[in-house]
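Heads up: the sequence lines are chains A and B, in that order. In terms of the numbering used here, the first sequence has 141 at position 110, counting the first letter as 1, and numbering is strictly consecutive. In terms of the numbering used here, the second sequence has 318 at position 287, counting the first letter as 1, and numbering is strictly consecutive. Each residue gets a CB set at the ideal place from its N, CA and C atoms; glycine is no exception. Here the structure is a predicted model, which means the values were calculated and not measured.
Number of protein chains: 2
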Amino acid sequence: MSHITAGIITVGDELTSGDRVDTNSTWLSEQLLTLGIETAFHLALPDDRQAIADSIVESSKRVQVLLITGGLGPTEDDLTRQALADALGEDLVVDEPSHKWLRSRFEKRGLEMPRRNLQQVQRPTSASMILNALGTAPGLRASLNDAAIFVMPGVPGEMKSMWKRHVAEALGELTGTGAQRCLTTWIHSVSLAESKVGELLEDLMQRDAQPVVGTLVRDFIVSVRARAAGSGTEVEDLVVTAARTVKERLGIYAFGSDDDTLAGVVLRQLAAQGAMLVTAESCTGGLLGSMITEVPGASNVYLGGWVTYSNAFKAELLDVAPETIEQHGAVSGLTADQMAIGALTQSGASFAIAITGIAGPDGGTEAKPVGTVFIALAFIDEDGEPSSHVRRFVLPGNRDMIRQRAAITALAMLHFHLANDGILPEMLGEYRPRVEV
Amino acid sequence: MSHITAGIITVGDELTSGDRVDTNSTWLSEQLLTLGIETAFHLALPDDRQAIADSIVESSKRVQVLLITGGLGPTEDDLTRQALADALGEDLVVDEPSHKWLRSRFEKRGLEMPRRNLQQVQRPTSASMILNALGTAPGLRASLNDAAIFVMPGVPGEMKSMWKRHVAEALGELTGTGAQRCLTTWIHSVSLAESKVGELLEDLMQRDAQPVVGTLVRDFIVSVRARAAGSGTEVEDLVVTAARTVKERLGIYAFGSDDDTLAGVVLRQLAAQGAMLVTAESCTGGLLGSMITEVPGASNVYLGGWVTYSNAFKAELLDVAPETIEQHGAVSGLTADQMAIGALTQSGASFAIAITGIAGPDGGTEAKPVGTVFIALAFIDEDGEPSSHVRRFVLPGNRDMIRQRAAITALAMLHFHLANDGILPEMLGEYRPRVEV
Numbered sequence: 032m033s034h035i036t037a038g039i040i041t042v043g044d045e046l047t048s049g050d051r052v053d054t055n056s057t058w059l060s061e062q063l064l065t066l067g068i069e070t071a072f073h074l075a076l077p078d079d080r081q082a083i084a085d086s087i088v089e090s091s092k093r094v095q096v097l098l099i100t101g102g103l104g105p106t107e108d109d110l111t112r113q114a115l116a117d118a119l120g121e122d123l124v125v126d127e128p129s130h131k132w133l134r135s136r137f138e139k140r141g142l143e144m145p146r147r148n149l150q151q152v153q154r155p156t157s158a159s160m161i162l163n164a165l166g167t168a169p170g171l172r173a174s175l176n177d178a179a180i181f182v183m184p185g186v187p188g189e190m191k192s193m194w195k196r197h198v199a200e201a202l203g204e205l206t207g208t209g210a211q212r213c214l215t216t217w218i219h220s221v222s223l224a225e226s227k228v229g230e231l232l233e234d235l236m237q238r239d240a241q242p243v244v245g246t247l248v249r250d251f252i253v254s255v256r257a258r259a260a261g262s263g264t265e266v267e268d269l270v271v272t273a274a275r276t277v278k279e280r281l282g283i284y285a286f287g288s289d290d291d292t293l294a295g296v297v298l299r300q301l302a303a304q305g306a307m308l309v310t311a312e313s314c315t316g317g318l319l320g321s322m323i324t325e326v327p328g329a330s331n332v333y334l335g336g337w338v339t340y341s342n343a344f345k346a347e348l349l350d351v352a353p354e355t356i357e358q359h360g361a362v363s364g365l366t367a368d369q370m371a372i373g374a375l376t377q378s379g380a381s382f383a384i385a386i387t388g389i390a391g392p393d394g395g396t397e398a399k400p401v402g403t404v405f406i407a408l409a410f411i412d413e414d415g416e417p418s419s420h421v422r423r424f425v426l427p428g429n430r431d432m433i434r435q436r437a438a439i440t441a442l443a444m445l446h447f448h449l450a451n452d453g454i455l456p457e458m459l460g461e462y463r464p465r466v467e468v
Numbered sequence: 032m033s034h035i036t037a038g039i040i041t042v043g044d045e046l047t048s049g050d051r052v053d054t055n056s057t058w059l060s061e062q063l064l065t066l067g068i069e070t071a072f073h074l075a076l077p078d079d080r081q082a083i084a085d086s087i088v089e090s091s092k093r094v095q096v097l098l099i100t101g102g103l104g105p106t107e108d109d110l111t112r113q114a115l116a117d118a119l120g121e122d123l124v125v126d127e128p129s130h131k132w133l134r135s136r137f138e139k140r141g142l143e144m145p146r147r148n149l150q151q152v153q154r155p156t157s158a159s160m161i162l163n164a165l166g167t168a169p170g171l172r173a174s175l176n177d178a179a180i181f182v183m184p185g186v187p188g189e190m191k192s193m194w195k196r197h198v199a200e201a202l203g204e205l206t207g208t209g210a211q212r213c214l215t216t217w218i219h220s221v222s223l224a225e226s227k228v229g230e231l232l233e234d235l236m237q238r239d240a241q242p243v244v245g246t247l248v249r250d251f252i253v254s255v256r257a258r259a260a261g262s263g264t265e266v267e268d269l270v271v272t273a274a275r276t277v278k279e280r281l282g283i284y285a286f287g288s289d290d291d292t293l294a295g296v297v298l299r300q301l302a303a304q305g306a307m308l309v310t311a312e313s314c315t316g317g318l319l320g321s322m323i324t325e326v327p328g329a330s331n332v333y334l335g336g337w338v339t340y341s342n343a344f345k346a347e348l349l350d351v352a353p354e355t356i357e358q359h360g361a362v363s364g365l366t367a368d369q370m371a372i373g374a375l376t377q378s379g380a381s382f383a384i385a386i387t388g389i390a391g392p393d394g395g396t397e398a399k400p401v402g403t404v405f406i407a408l409a410f411i412d413e414d415g416e417p418s419s420h421v422r423r424f425v426l427p428g429n430r431d432m433i434r435q436r437a438a439i440t441a442l443a444m445l446h447f448h449l450a451n452d453g454i455l456p457e458m459l460g461e462y463r464p465r466v467e468v
């Protein structure tokens, strides 16, 4: 297997000053992977001729493919062209076919080509030009040390167009026609700590394992990625087998794969049994409803809900007993339970989820610190009676994270209930009172 | 003027594989600028111990400040800690205070610390630990060659919290008080097209103008930034004067500055007049309530609301007349109006916002294409009677963008009503039927 690696350099003051997020590198790395080429680094540099030239020279010794975007424009601070010439130890010359093309591009609109644009049709003597179908900045192709170098415009639309029309094909030729494929599969889990996932998959996550298995964490979702490169069908087998193993090991916590979202999976589960859902939210203030309705077609299983942010709304709209709030607090298991049962019985839905908690930054007490969240899942049991699970959590993070994690955990409770015959497993962030012995 | 430069290294396979866009570098560069420190490069690397170690050594000879994020987690592929030790030529030792802290963090939730988490409390011998207030990964501080090195977690929330609580201050001490200052002020506007903002501010946005004025757009919020660098008070004068001009030109559409959010500003306006708010949402499904309750202390002015996703809920919970839905549709001005009036009268609140629309991807018709959204703002008028504004919009974008923009536009309506004596200006995305002449 020929192991080709690439480096990506993006140029522009707007990147290193923090004014603009670099999305070109991300997009290019994704494209390179489909050609079986791994990215060794992304490097963003300001419009600094010396720094760009130095980095081109150094990079050309480390990678076989060097992609550069940005700094090809007509203004004073577009210096990538000169920097490439410096790196190659060459002068810039006007490329006559490009000059003619650019002049006629202006003439078609009845304009004379501005003097400043002349720099855009210059190239280092050994380099060749790449046509830009969308703008005035042609690209450049050159080679130095081990590396084939492609310079593209920084404007994402022009860069992508040039990649698709020219660079991808040129790289395909360079890497050979039997180019290897790279396949990726994702398995998503919820309510399991990243460290626990790491333990369960320790052998698969060894750095030299094939396929390469890694994790990505966001709130209480841990996504496991299995990726392999190679040619032929063995790549597919490798990835499929790894995904199956990951799924088995994560058990009930694995809820979906690839493009699945937790809300999407839960909605499919509900639809499969013709069930309808309602929500009753306090500290999340509508976030759970918003997550559910992000999914197109949510109206098939979601009737709607209540945002009972105030105690008055909890009592008036969901029949939470005022004594419950007085004696146990608005943030209590009993309040959550009554919110869920109230929402269930009022709506005639099959499931109701209620959330009440302390998202902070204020409002915490010693007994109920910030992050304390009670979640109730109400449903109709086998005897046709309303029943419920109520769980207490202490969720880590700031206000945003606590709210996000509360909504995710609520969806996870419903998912586990539906997928596991009404039995909930241990969940991440669950509160376990310490028993004094 | 001592010219201090920084380098930023972000670590993670997910970055160089194109699975995730690196936003940490952007954010950190912006923060560094406020301290007068320029960023010389952003470098993203895979989870490769050797590559990380090599880059730390090389970078430490080029910049005076080296910020590193990512790779501090508890799994096999979190290698930044080891790489830093390699770069320093040191071993890793367990940091006892951090070990104790992490153990007790688990114990508080009644859990034993997983074995895998032990690596998170290790540090190179000469390094010190930085407390993480939000997660299990403490940061690291070390020095090598010319550079002060700070390693922070890759999770943006944890990284930002650690920056604010520790790193910014440590850098302030390091760079000394006489450093050149860079001052940035933001003015935020809502419901005005970016091109319109560009027209209104054309002279200020020239490239050579001082201060430098630029815009950043997100959904229907256009934020204008004025930035100047220098020493002494003239920097402040420049920026303050520019901000005042921007605010005047944008008029009623300018709603706040710097850390202000639209929801935060609206909640302050409501609190100032002792008013209470309720919401009634269909296509946004709770997103508006969620935006409002993101703001700490929202409970002072927000009672709660209804997510009436189904027609049944609109009729049962908010007294929308079934004939209205039959004759005009669930997505109509009349339905929005009745939702808002129903929410207002039932709750006794001072203001009610209702949203109903077609977020897509399906459900559009020729008369009401995807993106059609009706928003009603109900309030008690001077005669003590319920009254309302109802507006029709056609919002561009995909499902997520339409929902986001609908919620933002609803908040903007309330903001304009409160700030402009009940008179709403022209708004972005408003539907203007073409009149046949």
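- In the structure shown, G320(B) falls within a helical segment according to DSSP collapsed to helix, strand and coil.
- Nearest in C-alpha terms to S226(B), of all of I252(B), F447(B), E204(B), is I252(B).
- Annotation: the continuous beta strand (DSSP E) that includes I99(A) extends over 96-100.
- Look at the stretch 45-69 of chain B: the residues with a C-beta under 8 Å from a C-beta of chain A are E45, L46, T47, S48, G49, D50, R51, V52, D53, T54, S56, T57, W58, L59, S60, E61, Q62, L63, L64, E69.
- T70(A) has A37(A) as its beta-bridge partners, per DSSP.
- For W337(B), the residues of chain A that pass the 9 Å Cβ criterion are G335, G336, W337, V338, L348, in the order they occur in the chain.
- Put simply, of A303(B), L66(B), L76(B) the residue whose alpha carbon is nearest the alpha carbon of T47(B) is L76(B).
- Taking one beta carbon from each stretch, the stretch 432-450 of chain B and the stretch 403-413 of chain B have 3 or more pairs nearer than 8 Å; the two touch.
- In summary, the residues of the stretch 137-164 of chain B whose CB is separated from some CB of chain A by less than 8 Å are E138, K139, R140, G141, L142, P145, R146, R147, N148, in the order they occur in the chain.
- Rounded to whole angstroms, S419(B) and D368(B) show a C-alpha spacing of 7 Å.
- In this structure, A37(B) lies away from L74(B), with their beta-carbon atoms at least 8 Å apart.
- DSSP places S363(A) in the coil class of the three-state scheme, outside both helix and strand.
- Taking the Cα of G402(A) as reference, the smallest distance to any Cα among E461(A), G282(A), Y333(A) is reached at E461(A).
- For I439(B), no beta strand (DSSP E) segment is defined; the enclosing uninterrupted segment is the alpha helix (DSSP H) at 430-450.
- Looking only at E127(B), R299(B), T216(B), the smallest Cα-Cα distance to T276(B) is reached by T216(B).
- Taking the CA atoms as reference points, D239(A) sits about 35 Å from Q95(B).
- Against chain A, a Cβ distance below 8 Å from L426(B) picks out nothing, because the smallest value is about 16 Å.
- Distances from the CA of G102(A) to each of Y284(A), L301(A), D44(A) were compared; the closest alpha carbon is that of D44(A).
- As a beta-bridge residue in DSSP terms, W337(B) pairs with W337(A), A311(B).
- Close CB contacts of G395(A) within its chain, under the 7 Å cut and outside five residues either way in sequence, are with I389, V401 (chain order).
- Looking at the DSSP output, T276(A) sits in no beta bridge, so it has no partner there.
- Contact between the stretch 138-158 of chain B and the stretch 112-122 of chain B is established, with three or more Cβ pairs separated by less than 8 Å.
- Segment contact: the stretch 228-247 of chain B against the stretch 285-292 of chain B, fewer than three CB-CB distances shorter than 8 Å; contact not assigned.
- In this chain, Q153(B) is not harboured by any alpha helix (DSSP H); it is covered by the beta strand (DSSP E) spanning 153-155.
- With distances taken between CA atoms, T156(B) lies nearest to L175(B) out of G166(B), L175(B), A352(B).
- Of L449(B), L123(B), A311(B), the smallest CA-CA separation from I372(B) is found for A311(B).
- Note that the stretch 341-351 of chain A does not touch the stretch 260-277 of chain A; fewer than 3 beta-carbon pairs, one per stretch, sit closer than 8 Å.
- Here F137(B) carries a helix assignment [DSSP, helix/strand/coil].
- Nearest C-alpha to F410(A) among R146(A), E200(A), M307(A): M307(A).
- Within chain A, E325, P327 have C-beta atoms less than 8 Å from the C-beta of R430(B), given in sequence order.
- With its beta carbon less than 8 Å from one in chain A, S321(B) belongs to the interface.
- Shown here, V186(A) sits in coil according to DSSP, grouped into three states, outside any helix or strand.
- Close to D290(B), with beta-carbon spacing below 7 Å, lies no residue of chain A; the smallest spacing is near 14 Å.
- With a cutoff of 8 Å on beta-carbon distance, G336(A) and G316(A) are scored as not near each other.
- Contact residues of the stretch 391-408 of chain B toward chain A are G391, P392, D393 (C-beta to C-beta distance below 8 Å).
- Beta-bridge pairing by DSSP links M160(B) to L171(B).
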